[in-house]
Amino acid sequence: MDRSNVTFLDLPDEILLIILKKLDNMDVLYSLLDVDNQRLDTIILDKAFTKTLNFVLTTIADDVLSIADSMLNRYCSNILPKIDHNVTSLILEAEAMERILLAADYPNLTELKLFNVIDYIVSHYFTVESPFRRIFQQQITDFTLNNLPNMKCFSLECRCSTNQYDTHVLPLLRRMSNLEELSLNIINEKRTSCVDDTQINENILVHMPRLNKFTFYISTGTKLNHIVHHLSNHDIQRTFTNIGYQQICCFLNRISNGVICHAFSLPFAFDYLEYIGNTFPSMVFNHVIELAVHDILPFKHEFCMRITRCFPLLKIMRVLNSRPQLQLSHEFNSNDNQFHSIAEYPYFTSLSLLHSHTDYVEQFLNQTKTYLPRLTE
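For reference, each letter of the sequence shown is one residue, going 9 to 385 in our numbering.
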């Protein structure tokens, strides 16, 4: 062979791979993928080039910028759809995040690093309505972003149960050192302990010295163990008063597979409350329109009366209780309403009894016991 005529593509695959690995993988993909050479494409699609993608540049002054638009355009239109199944880590400038994340599906993405995050990006993308909810809640296990020193007010609501509180929510909050107002509505699951004063203080408050308004509802589901088994509502309440939050309410609700710990600021500010039972406090929840009730003890008619008084605007309710209504008086079972008050829900439109004992069908659909003038489903 005339060595003077040997080209780059004449080299064996192993040598090509060694050479290309010494180059920046982003440049390799941008310059060589889809140049009408199937052999080269096969080499470049190796995970060594597609596993981690860095879409940011750092200047001499340590400013972080996104890559050039021309490069970004080619990645989004031609490259990312071909390699997204290999991508496990993305490093992004926040302004380009939406475009890059929408360019492909990234089924194996587990790590996300964001730079230049500003207020509106956090409020738009890190909520339950986010177009990237599936990625943030179900895939990401390692999440990093730069600090948010200009953030003054932040609200986060997670209507679905999450096990990402410790790995995603808390790291996000710790970067808001100058926050003055914070609103949290979090439903935790699969935690080994309830959220207490130590966790609130160490994980949130010490990182926000300027915080003057904290509105929250934190529900924590945990398996029943010897610690939780002996924990009382008073214990939970005391943990929050220890850190200076007097206007709060805490209570425990025992369910079939564990305990739900409810802790919230007063007055209750949210429109949804999940998995309360016979132990819920007798106070008025003026904003709640959707409620789920669950208990290992039966719900008596008195419980339904308490619901009408404490949730005056209730529209939607799910009842989960497999226990029959026991110890009902002869008068109550006689269907003679002179012996008891009728539970009236004037705004009720939806009722679910799918996971309940048949006694509750009688309780809620017998008009001598419960009146639902607007029920439609």
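The beta carbon of each residue, even a glycine, is placed where N, CA and C say it ideally should be. On a predicted model such as this, the values are computed, not experimentally measured, just so you know.
- Going by DSSP, Thr50 is part of the alpha helix (DSSP H) stretching over 46–52.
- The DSSP-derived three-state label of His270 is strand.
- As summarised for the stretch 13–82, the continuous beta strand (DSSP E) elements at least 3 residues long and confined to that stretch are 60–62, 64–66, 72–74, given in chain order.
- Counting along the chain, no beta strand (DSSP E) covers Lys323, and no H or E run does either.
- DSSP places Ile284 in the uninterrupted beta strand (DSSP E) bounded by 280–284.
- Per the coordinates, the alpha-carbon of Ser169 lies some 12 Å from the alpha-carbon of Leu281.
- Rounded to whole angstroms, the gap between the alpha carbons of Phe288 and Phe259 is 7 Å.
- Setting aside the 5 residues that flank it on each side, Ala351 is surrounded in the same chain by Cys312, Met313, Thr316, Thr378, each with a C-beta closer than 6 Å to its C-beta; the list follows chain order.
- Per DSSP, the beta-bridge partners of Asn196 are Thr170, Thr228.
- Annotation: the continuous beta strand (DSSP E) that includes Arg262 extends over 256–263.
- Annotated three-state conformation of Ser163 is strand, per DSSP.
- Counting along the chain, Phe372 sits inside the alpha helix (DSSP H) bounded by residues 367–373.
- Nearest Cα to Ser39 within the set Lys59, Tyr83, Ser74, Arg199: Tyr83.
- Taking 7 Å as the cut-off, the beta carbon of Cys161 is found no closer than this to the beta carbon of Glu197.
- Three or more Cβ pairs closer than 8 Å define a contact, and the stretch 51–62 meets that threshold against the stretch 85–105.
- In this structure, Asp92 sits away from Asp77, with a CB-CB distance that is not shorter than 7 Å.
- Cβ-Cβ separation between Leu178 and Asn155: approximately 14 Å, too far for a contact (criterion under 8 Å).
- Around the beta carbon of Ala271, 16 or more other beta carbons lie within 10 angstroms, which makes this residue buried.
- Three or more Cβ pairs closer than 8 Å define a contact, and the stretch 321–331 meets that threshold against the stretch 290–298.
- Glu310 counts as exposed, since fewer than 16 other beta carbons sit within 10 angstroms of its beta carbon.
- Counting the other Cβ atoms within 10 Å of the Cβ of Ile23 gives fewer than 16, which makes it exposed.
- Boundaries of the alpha helix (DSSP H) harbouring Ile91: 88–91, taken from the DSSP string.
- Per DSSP, reduced to three states, the secondary structure at Phe222 is strand.
- Assigned with DSSP and collapsed to three states, Ala102 falls in helix.
- Counted as a single uninterrupted DSSP element, the alpha helix (DSSP H) harbouring Leu180 occupies residues 178–181.
- The DSSP-derived three-state label of Glu310 is helix.
- Taken through DSSP and simplified to helix, strand or coil, Glu385 comes out as coil.
- By alpha-carbon distance to Leu180, the top candidate from Arg167, Thr200, Met159, Ile195 is Met159.
- Its Cα nearest to that of His363, the residue Arg331 stands out among Pro354, Leu373, Arg331.
- In the structure shown, the three-state DSSP call for His295 is coil.
- Per DSSP, the unbroken beta strand (DSSP E) holding Phe123 starts and ends at 119–123.
- The three-state secondary structure of Val301, taken from DSSP, is strand.
- Residue pairing by DSSP puts Thr378 in a beta bridge opposite Ala351.
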